[in-house]
Amino acid sequence: MTEPSATGKITIAAPPAKVYALVSDPGVLAGMAEEYEGHRWVGAAKGAAVGAKFRGRNRNGIRRWSTLSTITDADEGRRFAFEVTTVAGLPVARWQYDIEASDDGCVAVESTWDRRPGWLRGPTSLFTGIWKRDDANRANIAATLARLKAAAES
Numbered sequence: 001m002t003e004p005s006a007t008g009k010i011t012i013a014a015p016p017a018k019v020y021a022l023v024s025d026p027g028v029l030a031g032m033a034e035e036y037e038g039h040r041w042v043g044a045a046k047g048a049a050v051g052a053k054f055r056g057r058n059r060n061g062i063r064r065w066s067t068l069s070t071i072t073d074a075d076e077g078r079r080f081a082f083e084v085t086t087v088a089g090l091p092v093a094r095w096q097y098d099i100e101a102s103d104d105g106c107v108a109v110e111s112t113w114d115r116r117p118g119w120l121r122g123p124t125s126l127f128t129g130i131w132k133r134d135d136a137n138r139a140n141i142a143a144t145l146a147r148l149k150a151a152a153e154s
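For what it's worth, my numbering labels the leading residue of the sequence shown as 1, then goes sequentially.
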């Protein structure tokens, strides 16, 4: 896998299992994220497991859009990741949360890879209102990690 297009890291004074429980619950994650605001499970999925799918609701100001995510990694206390596509099945991104135990709790790393084909970048930027996606994702990751830290340490 290539290097992520945006990433961030934070030290959290909480056990890895607690941090994992927060990031692996799409409903809880929505409360910490900037653009992502909610989900509904698709098909028989009822929780975070490899292969489970959820439809994500996203927003930027007045703009709203939906995506389909498939969970690819669900290694409790270590890694949670999902691949995001358009509702038509075109690749959009990969989001990954890596958690490593430390002496004082853990270190959490949030990363994303922009998977959009070149021809799709213009239309999706116009639709979402975000032209500098990597810059926006870096800022969003920093905000999400700060909220994750606050939630895990409370």
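The beta-carbon is built from N, C-alpha and C at its ideal position, and this holds for glycine as well.
Own chain residues within Cβ distance below 7 Å of Thr128, not counting five before or after: Asn60, Arg63 and Trp65
Whole angstroms is fine: what's the gap from Ser125's alpha carbon to Lys132's? Each residue's CA atom was taken as its position, placing Ser125 and Lys132 some 8 Å apart.
If we count Cβ pairs, one from each stretch, closer than 8 Å, do we get three or more for the region 113-125 versus the region 18-31? no
State buried or exposed for Ala88, treating a residue as buried only when at least 16 other CB atoms are found within 10 Å of its CB. exposed
Pull up the CB-CB distance for Trp113 and Ala143, whole angstroms please, since I reckon it's below 8 Å. Taking the Cβ atoms as the reference, Trp113 lies roughly 19 Å from Ala143, outside the contact range of under 8 Å.
What distance in whole Å lies between the Cβ atoms of Thr11 and Ser102, which are believed to be in contact at a cut-off of 8 Å? 7 Å
Note down, one range per segment and in chain order, each beta strand (DSSP E) of at least 3 residues found wholly within the region 17-59. 36-42
Roughly how many angstroms separate the alpha carbons of Tyr36 and Ala136, rounded to a whole number? Roughly 13 Å separates the two Cα atoms.
Please classify Ser154: does DSSP put it in a helix, a strand, or coil? coil
Helix, strand or coil for Trp119 per DSSP? helix
Can you list, in chain order, the residues of its chain with a C-beta nearer than 7 Å to that of Glu100? Leave out the 5 residues immediately preceding and following it. Cys106 and Val107
First and last residue of the beta strand (DSSP E) that includes Leu90? Where Leu90 is concerned, there is no enclosing beta strand (DSSP E), given that its DSSP letter is neither H nor E.
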